[in-house]
Each structure stands twice: as C-alpha cells, then as structure tokens.
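Going from the sequence shown to our numbering is simple: count from 1 and add 272.
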Amino acid sequence: MAYIYKKRDPKKKRQAVILFFVLIMAGVIIISVSAGFFGSDYVVRKSLEDPDVVMHVAVSGGDVIITIYEGRKVEDLRMICLEIEGVSLPSEHSIHPAPLNGAGVVVFSGVCDGVTGTRTVGIRGVFADGSTMILKRLTIKFT
273 MAYIYKKRDP KKKRQAVILF FVLIMAGVII ISVSAGFFGS DYVVRKSLED
323 PDVVMHVAVS GGDVIITIYE GRKVEDLRMI CLEIEGVSLP SEHSIHPAPL
373 NGAGVVVFSG VCDGVTGTRT VGIRGVFADG STMILKRLTI KFT
C-alpha cells in the first residue's frame with residue numbers, strides 16, 4: 273500500500289488558525305455580554321428591592337439616636353445592638369429592645385461619652401427567628 277504524500281498549503285493552514293482564534297474571540301465576547309447583561313439585571317433588581325429595615329442614625333451629645341421607619345422585616349425586629357469601633361460598650365448600654373410596632377425611636381444614652389476621632393458605627397438587628405443582621409454601617413466623626 274502506498275501512501276500519497278499531500279503537500280499542505282500554508283495559506284489553508286493559516287486560514288484555519290485564524291478561523292480558530294476568531295471563533296474563540298466570538299465565544300468570549302458572547303459570554304462577556306451575557307454575563308454583563310445578567311449581572312446588571314441582578315444589580316437593578318437588588319437596588320429596587322425593599323430594604324429589610326430603613327433607619328436613620330444621629331449623634332446628639334453623648335447619645336446615639338436611631339429612628340426606625342419601615343422595611344420588609346421591621347415587624348420581626350426584636351432588639352437593636354449598637355457597636356462602635358474601638359469602644360467596649362457594656363450590654364446594658366449597647367442592646368435595647370426594638371419599638372413595639374417596629375417603627376419608632378431608640379436612644380442609646382451616654383454611649384458616646386469620651387469617644388473621639390472617626391469611628392465606624394454598626395447597627396445590628398436581632399429578629400424574631402433568632403437571626404441577626406447588620407442593618408446599617410456608617411462612619412461618624414466624634415469630637
């Protein structure tokens with residue numbers, strides 16, 4: 273049996289390599305565009321979703337005042353915990369029960385006395401099912 277040697281044309285080989293890379297680039301572009309579309313859809317849905325608890329935090333003198341307005345889980349909120357970076361608060365000052373109807377004002381009295389500088393303040397919520405969640409985290413400059 274005789275083998276017939278076929279001479280390969282370098283032009284066809286070059287076209288095959290170029291076609292291979294073009295197909296790979298097209299696949300990468302299609303995957304990137306679809307991932308960007310689904311990622312942006314997720315971000316838009318999350319931003320339009322109701323937050324669990326809407327609140328406002330204010331500092332007045334040595335007190336931290338938390339005003340709770342509304343949210344999906346505001347009726348299930350049982351306790352509010354205050355955490356200040358670098359400050360060790362006793363539990364009687366850092367934990368307060370949530371307002372009865374969910375919305376209302378919680379005052380942490382005297383927790384800012386002696387605190388200076390820029391600190392991160394975290395508000396943690398304890399819910400009826402026992403779960404905890406950071407409701408708000410912000411940076412406040414104490415003087």
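Ideal placement from N, C-alpha and C gives every residue a C-beta, glycine not left out. Note that the coordinates shown come from a computational prediction; the quantities given were computed from them, not determined experimentally.
Residue from the options with nearest C-alpha to residue i
i: VAL378; options: ARG350, GLY311, ARG317, SER312; result: ARG350
i: HIS365; options: ILE337, SER403, THR392; result: ILE337
i: LEU372; options: PRO282, TYR341, ALA307, ALA330; result: TYR341
i: MET327; options: ARG391, GLY374, GLY382; result: GLY374
i: SER363; options: ARG344, VAL383, LYS285; result: VAL383
Classification of residue i by the beta-carbon crowding that lies within 10 angstroms, buried from 16 upward
i: ILE356; result: buried
i: GLY311; result: exposed
i: PHE292; result: exposed
i: LEU410; result: exposed
i: GLY343; result: buried
C-beta contact flag for residue i and residue j at 8 angstroms
i: LEU407; j: VAL346; result: no
i: VAL359; j: VAL387; result: yes
i: PHE399; j: ASP348; result: yes
i: ALA370; j: ILE395; result: no
i: ILE367; j: VAL393; result: no
i: GLY397; j: THR404; result: yes
CA-to-CA distance, residue j to residue i, given in whole angstroms
i: ALA259; j: GLY299; result: The first residue shown for the chain is 273 and the last is 415, placing residue 259 beyond what the model contains.
i: VAL294; j: ALA288; result: 10 angstroms
i: ASP335; j: PHE380; result: 6 angstroms
i: LYS318; j: LEU361; result: 34 angstroms
i: MET297; j: GLY376; result: 57 angstroms
Note to self: To test your reading of the DSSP string, which unbroken alpha helix (DSSP H) runs of 4 or more residues are found completely within the region 294-366?
What the structure shows: 363-366
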